[in-house]
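As structure tokens, the structure follows; a few thoughts come after it.
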Amino acid sequence: MLLRIGIATHQKLVVEPETDAMDAVFVFFRNCGGLWGARSDVVSRTTSAVAQCIETLTEFQLVQGNISIDASFEEFNLNVDIEYAGVLPVLSATRPTAEEMLNDEDAFARLSGYLVMRYADKVDFSTKNGRCSLHLNFEH
Numbered sequence: 009m010l011l012r013i014g015i016a017t018h019q020k021l022v023v024e025p026e027t028d029a030m031d032a033v034f035v036f037f038r039n040c041g042g043l044w045g046a047r048s049d050v051v052s053r054t055t056s057a058v059a060q061c062i063e064t065l066t067e068f069q070l071v072q073g074n075i076s077i078d079a080s081f082e083e084f085n086l087n088v089d090i091e092y093a094g095v096l097p098v099l100s101a102t103r104p105t106a107e108e109m110l111n112d113e114d115a116f117a118r119l120s121g122y123l124v125m126r127y128a129d130k131v132d133f134s135t136k137n138g139r140c141s142l143h144l145n146f147e148h
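Residues in the sequence shown are numbered consecutively from 9, following the working numbering.
Structure below.
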């Protein structure tokens, strides 16, 4: 039996919205999860949440310039900080209705925010001087 005590590590990825950012996110978290020995279900939720964030930021043109993804892992939590210049996405605890999806042009953005909130165990966000920060926590 292998016992890992006090494991803490940190990795950073910077993506350009115009490139294959999604592929970079998937490779980044697959590699980090393997290095850290993180549970695959937690890595999967983390990857899905971050990919959804990146897609929302780029698809709805909420970001200006590069996106910084800072991931850290310790035995009980996987934390991700996403920082960029731009506008915060709409993060909603409720899913848009089918009618809203058909009739409200903002419903897709709200659905994306809802998915991020569902994947992560905790989400915090802030904005200061045009810089946005999203903190996603995933219990391990």
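The C-beta atom is built at its ideal place from N, Cα and C for all residues, glycine as well.
Indicate whether the contact test is met: 3 or more Cβ pairs, each with one atom in the stretch 34 to 42 and one in the stretch 74 to 88, closer than 8 Å.
-> yes
What's the gap between the Cα of Val98 and the Cα of Ala117?
-> Here the question's residue 98 lines up with position 90 in the sequence shown. Here the question's residue 117 lines up with position 109 in the sequence shown. C-alpha separation (whole angstroms): 7 Å.
In its own chain, which residues sit with a C-beta less than 7 Å from the C-beta of Gln19, not counting the 5 before and 5 after it?
-> Within the sequence shown, numbered from 1, the residue matching residue 19 stands at position 11. Excluding residues within five positions, the ones whose Cβ falls inside 7 Å are Cys40, Ala79.
Arg103 beta carbon less than 8 Å from that of Tyr122 | For the purposes of this step, residue 122 is taken as the residue at position 114 of the sequence shown. For the purposes of this step, residue 103 is taken as the residue at position 95 of the sequence shown. Yes.
At what residues does the beta strand (DSSP E) containing Asp49 begin and finish?
-> Residue numbering aside, residue 49 sits at position 41 when the sequence shown is read from its first letter. No beta strand (DSSP E) contains Asp49, which is instead part of the alpha helix (DSSP H) from 48 to 67.
Where does Ala101 land, buried or exposed, given buried means 16+ other C-beta within 10 angstroms?
-> Sequence index remark: in the sequence shown, residue 101 carries index 93 (1-based). Answer is exposed; the Cβ neighbour count stays below 16.
Separation of Val95 from Ser48, as counted between CA atoms = Your numbering for residue 48 matches position 40 in the sequence shown. Your numbering for residue 95 matches position 87 in the sequence shown. Rounded to whole angstroms, Ser48 to Val95 spans 31 Å at the Cα level.
Closest by C-alpha distance to Asn137, when choosing among Ser56, Leu21, Glu91 | Reading the sequence shown from its first residue, position 129 is the one you call residue 137. The candidate whose alpha carbon is nearest that of Asn137 is Glu91.
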